[in-house]
Amino acid sequence: KRPDYRGDRSHDDFLVKLNQQYGQRGTRPFFTSMKDACSENFELDEVSLREALDIVNDQVGGLQTFFDNKSRTRLIDLE
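The opening residue of the sequence shown carries number 300 in our numbering; numbering runs sequentially from there.
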């Protein structure tokens, strides 16, 4: 179902493509912008990937459990 605020705009008109916004600058500017935006509303703690995965395992039972239950994102098999 299409949300009312989207109106009759196409998918391409509605979304900003990240490669158009950040182009050849790589991923660092994107993640810096994301971190800056999040820090305006949340208290952030920087952790290593291992620490982040441990938190996900301890608090939600792992990534697969998160995707299967709490996440609206769904993984699909393309084969």
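Beta carbons: idealized from backbone N, C-alpha and C, even for Gly.
- Per DSSP, E339 lies in no alpha helix (DSSP H) segment and is marked neither H nor E.
- F329 and G322 have their alpha carbons spaced roughly 10 Å apart.
- For the pair K334 and L348, the CB atoms are not nearer than the 8 Å cut-off.
- Linking G325 to T331 through their CA atoms gives a straight-line distance of about 11 Å.
- The C-beta distance from V355 to F365 rounds to 6 Å, short enough to fall under 8 Å.
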